[in-house]
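Protein chains in written order, with our numbering: chain A, 2 to 187; chain B, 2 to 187; chain C, 84 to 345.
Beta carbons: idealized from backbone N, C-alpha and C, even for Gly.
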Amino acid sequence: MELESKIEGLLFYKGEDMSVWDLAKLLRVSPEEIDEALNMLEQSLKNRGIILVRKDDSVALGITPELSSIIESIRKDEITKELSKASLETLSIVLYKSSSAKESAGITRHEIDYIRGVNSSFILRNLLVRGLIEKTTDERDNRRLLYKPTFDALSYMGVASIEKLPNYETVRSQLEAVIIGNKNDE
Amino acid sequence: MELESKIEGLLFYKGEDMSVWDLAKLLRVSPEEIDEALNMLEQSLKNRGIILVRKDDSVALGITPELSSIIESIRKDEITKELSKASLETLSIVLYKSSSAKESAGITRHEIDYIRGVNSSFILRNLLVRGLIEKTTDERDNRRLLYKPTFDALSYMGVASIEKLPNYETVRSQLEAVIIGNKNDE
Amino acid sequence: MEEITTNIYKVRAGTFEGPLDLLLSLIESRKLFVNEISLAQVTEDYISYIKSLSDMPDDKRIADVSYFILIAATLILIKSRSLLPNLVLTEDEESKIVNLEARLKLYQIIKNASIDVKNNFGVKIIFSPLERTWSEPLFSPDQSITIEIMSQSILNVLESVPKKEEKLGVVEVRKVINIEAIINSLTNRIQSAINFSFRDFAKSHGAEDEQEAKVHIIVSFLAMLELVREGIIDVVQNNSFEDITISKEVLASSDQNLQTSN
């Protein structure tokens with residue numbers, strides 16, 4: 002049995018995201034082999050009812066966004082789609098500013114406050130409770146708290162990875178340009 | 002999008018049996034068309050990690066039997082792993098919010114999320130799998146899902162009555178106050 | 084889409100997320116680019132907006148007034164430079180101006196991106212599967228499930244719930260001095276003395292600490308600019324290192340100042 006099929010089965014069983022590392026351990030292969038198999042799985046799932054969602058070092062299976070409205074009609078619980086102006090701004094910062102590259106993933110509250118010009122702690126808490134962002138500690142400095150988008154945030158946006166967000170590349174390069182042009186900030 | 006892919010997506014979402022008739026109704030096609038698409042789906046899933054399980058007029062997706070030993074080990078890990086601080090805190094919320102009085106028993110996931118300030122779905126899932134908490138529907142509103150500690154968990158701790166937990170009254174009223182504060186925010 | 088644009092451009096008290104939001108809206112409503120010139124042009128609108136905030140009753144006033152005031156300080160630097168051509172700014176002041184421009188550009192990029200987020204959020208969702216019921220739950224406690232640990236855990240939980248004030252973002256809102264009151268006081272002083280030092284004036288409010296002193300200076304400066312605009316006083320700064328001198332005014336010259344700056 003192919004590695005990609007094994008991964009598919011495990012993700013199906015779990016029903017939530019799994020890290021590349023966990024998959025490698027369970028399937029007794031290297032993380033690189035998992036990565037490669039994930040790329041193939043992604044291809045195999047094209048035009049199927051299931052889609053592979055990837056974020057940082059984790060993957061999950063979700064239902065293709067084409068089925069979104071049918072699933073909404075059979076769901077028991079209501080889905081809150083409303084975001085206040087402040088939540089929308091803050092979520093956008095976390096989505097576009099936290100790159101998917103491992104070493105620079107996440108953004109601090111200080112950086113968010115700096116961009117918005119106001120204190121964002123209340124809004125961040127709301128987004129955490131709604132499961133749209135998550136809080137982690139910086140691997141290199143565990144006193145630094147970093148905010149990142151969750152799998153749910155990508156799911157609500159209907160994208161399988163951060164890079165597929167609308168105008169992602171453009172927004173990223175615009176942000177880079179301002180930040181590089183103003184190196185002496187803060 | 003092909004009918005077979007739509008069926009796959011729906012079955013994947015449900016994770017349990019669906020009848021051919023239900024699928025036909027949801028996808029607005031005839032049961033015959035569903036049957037035909039199921040045959041094709043069965044073919045497409047050959048050599049994959051997921052298989053189609055058909056029984057009488059029902060279908061479901063299942064995991065290929067080749068993965069059963071790995072899945073056994075995942076499950077074992079899920080139920081034997083040491084409970085994290087976050088898990089214990091979540092369990093304590095469910096415990097203190099429950100009551101021996103039937104009508105006020107249980108807490109919703111949203112309430113737990115709000116009290117903890119983060120999304121708790123994965124933790125709750127694990128507590129469910131371990132039989133420490135259980136999910137019921139609110140008798141007054143069957144769209145509301147409520148979490149409660151299991152009988153097993155209570156007897157393991159030697160709790161004869163919830164009301165006898167240390168600081169029960171104070172904690173309970175503080176929890177209520179937080180939950181009411183949340184409702185006022187919305 | 085149309086609804087969004089009209090909403091953003093309407094300048095009304097209490098409708099802005101913060102100072103950058105307000106500033107950007109003022110600039111965009113004039114169809115200007117973000118730069119020092121456009122910032123100078125919208126300074127007065129910005130200040131009158133803050134004034135409308137400080138006139139609001141306490142309970143309606145937004146918690147973030149202090150953030151608005153902080154940005155005002157930089158705007159005043161920019162405005163002063165356009166009003167007083169011989170004003171030389173320190174390196175620190177220069178970098179504050181550059182910084183504000185950059186922040187505003189960052190904010191603008193995010194603001195535009197947030198329109199995309201708004202238009203796509205929840206429209207086509209990639210749903211996660213429902214909770215799996217592969218097998219019956221198997222009761223598997225661990226040794227940490229005890230009454231002692233549970234009662235300690237719940238206390239930890241309650242301790243980390245944010246307090247009501249924190250939640251509203253009213254962490255520490257300094258009472259901002261009423262700009263109107265300062266204008267009145269300034270007018271009185273002008274009537275009694277022809278020349279007096281701005282620094283003395285700002286000091287005379289008896290600030291309790293450095294932070295507060297800064298707020299006083301800013302608010303005083305705002306008030307002064309307001310008077311300049313109304314043609315009541317003239318601001319003269321003889322030398323960049325000297326204090327700004329306020330004197331009773333020759334009406335015509337301040338009008339001119341204002342025209343060149345606008």
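{"Query": "Give, in chain order, every residue of the stretch 11-31 of chain B whose Cβ lies closer than 9 Å to some Cβ of chain C.", "Result": "PHE13, TYR14, LYS15, GLY16, GLU17"}
{"Query": "Here's the rule: buried if 16 or more other CB atoms are within 10 angstroms of the residue's CB, otherwise exposed. What is ASP153 of chain A?", "Result": "buried"}
{"Query": "Could you say which of A:TRP22, A:GLU43, A:LEU12 lies nearest to GLU33 of chain A if we only look at CA atoms?", "Result": "A:TRP22"}
{"Query": "Within a Cβ cutoff of 7 Å, which residues of the same chain sit near LEU158 of chain C, ignoring the five residues on either side of it in sequence?", "Result": "LEU122, THR126, TYR129"}
{"Query": "Which word fits GLY50 of chain B, buried or exposed, when buried means at least 16 other C-beta atoms lie within 10 angstroms of its C-beta?", "Result": "buried"}
{"Query": "Find the residues of chain B that neighbour GLU214 of chain C, judging by a C-beta separation of less than 8 Å, and give them in chain order.", "Result": "GLY16, ARG126, LEU129"}
{"Query": "Thinking ARG110 of chain A and SER122 of chain A are a contact (beta carbons under 8 Å), I'd like their distance in whole angstroms, please.", "Result": "7 Å"}
{"Query": "Give me the subset of the stretch 191-212 of chain C whose CB atoms are less than 7 Å from a CB atom of chain B, sorted by chain position.", "Result": "PHE210, PRO212"}
{"Query": "In the DSSP assignment, find the unbroken alpha helix (DSSP H) run with PRO102 of chain C in it and report its ends.", "Result": "102-112"}
{"Query": "Smallest Cα separation from LYS179 of chain C: which of C:ALA155, C:SER236, C:LEU238, C:ASN202?", "Result": "C:ALA155"}
{"Query": "Strictly below 7 Å CB to CB, what residues from chain A border ILE64 of chain B?", "Result": "GLY10, PHE13, TYR14"}
{"Query": "Are there 16 or more other CB atoms within 10 angstroms of the CB of MET158 of chain A, so buried, or fewer, so exposed?", "Result": "buried"}
{"Query": "Assess, as a yes-or-no matter, whether the stretch 56-65 of chain B is touched by the stretch 14-28 of chain B under the definition of 3 or more beta carbon pairs within less than 8 Å.", "Result": "yes"}
{"Query": "Just curious, the alpha helix (DSSP H) that PRO32 of chain A is in, first and last residue?", "Result": "32-45"}
{"Query": "Which residues in the same chain have their Cβ closer than 8 Å to the Cβ of GLU231 of chain C, if we skip the five residues on either side of it in sequence?", "Result": "none"}
{"Query": "Among C:GLN226, C:SER236, C:ILE237, C:ILE198, which one has its Cα closest to the Cα of ALA87 of chain A?", "Result": "C:ILE198"}
{"Query": "Could you check whether the stretch 8-15 of chain B touches the stretch 64-77 of chain A, counting it as contact only if at least three pairs of C-beta atoms, one from each stretch, sit closer than 8 Å?", "Result": "yes"}
{"Query": "Return the CA-CA distance between ASP175 of chain C and ILE161 of chain C, expressed in angstroms with no decimal places.", "Result": "13 Å"}
{"Query": "GLU1 of chain B lies in the beta strand (DSSP E); which residues open and close that run?", "Result": "No information on residue 1 of chain B is available, as it lies outside the stretch 2 to 187 that chain B covers here."}
{"Query": "Does DSSP classify VAL160 of chain B as helix, strand or coil?", "Result": "coil"}
{"Query": "Span of the alpha helix (DSSP H) holding LYS26 of chain B?", "Result": "21-28"}
{"Query": "At least one CB of chain A closer than 8 Å to the CB of GLU100 of chain C: is that the case?", "Result": "yes"}
{"Query": "What three-state label does DSSP hand GLU177 of chain A in the structure shown?", "Result": "helix"}
{"Query": "Below 8 Å between beta carbons: does that hold for TYR97 of chain A and LEU166 of chain A?", "Result": "yes"}
{"Query": "GLU332 of chain C: buried (16+ other C-beta within 10 angstroms of its C-beta) or exposed?", "Result": "Only weak support exists for where GLU332 of chain C lies, its pLDDT of 44 falling under 50; the coordinates are left without a value."}
{"Query": "Determine which residues share a DSSP beta bridge with ALA61 of chain B and list them.", "Result": "B:VAL54"}
{"Query": "From which residue to which residue does the alpha helix (DSSP H) around GLU174 of chain C run?", "Result": "174-203"}
{"Query": "Taking C-beta pairs closer than 7 Å, name the residues in chain C that SER93 of chain B reaches, listed in chain order.", "Result": "MET233, SER236, ILE237, VAL240"}
{"Query": "State yes or no: is the beta carbon of MET2 of chain A nearer than 8 Å to at least one beta carbon in chain B?", "Result": "yes"}
{"Query": "Within this structure, are the beta carbons of ARG144 of chain B and ASP78 of chain A separated by less than 8 Å?", "Result": "yes"}
{"Query": "If contact means a Cβ-Cβ distance below 8 Å, which residues of the stretch 150-180 of chain C contact chain A?", "Result": "TYR150, ILE154, SER178"}
{"Query": "Mind checking which residues open and close the alpha helix (DSSP H) that includes LYS77 of chain B?", "Result": "69-81"}
{"Query": "Do the CB positions of PRO150 of chain B and ILE124 of chain B come within less than 8 Å of each other?", "Result": "no"}
{"Query": "Can you confirm whether ARG49 of chain A, when its beta carbon is compared against all beta carbons of chain B, has any partner nearer than 8 Å?", "Result": "yes"}
{"Query": "Tell me which residues of the stretch 169-180 of chain B have at least one Cβ-Cβ distance to chain C shorter than 7 Å, keeping chain order.", "Result": "VAL172, GLN175, VAL179"}
{"Query": "Around the C-beta of LYS136 of chain B, are 16 or more other C-beta atoms found within 10 angstroms, so that it is buried, or is it exposed?", "Result": "exposed"}
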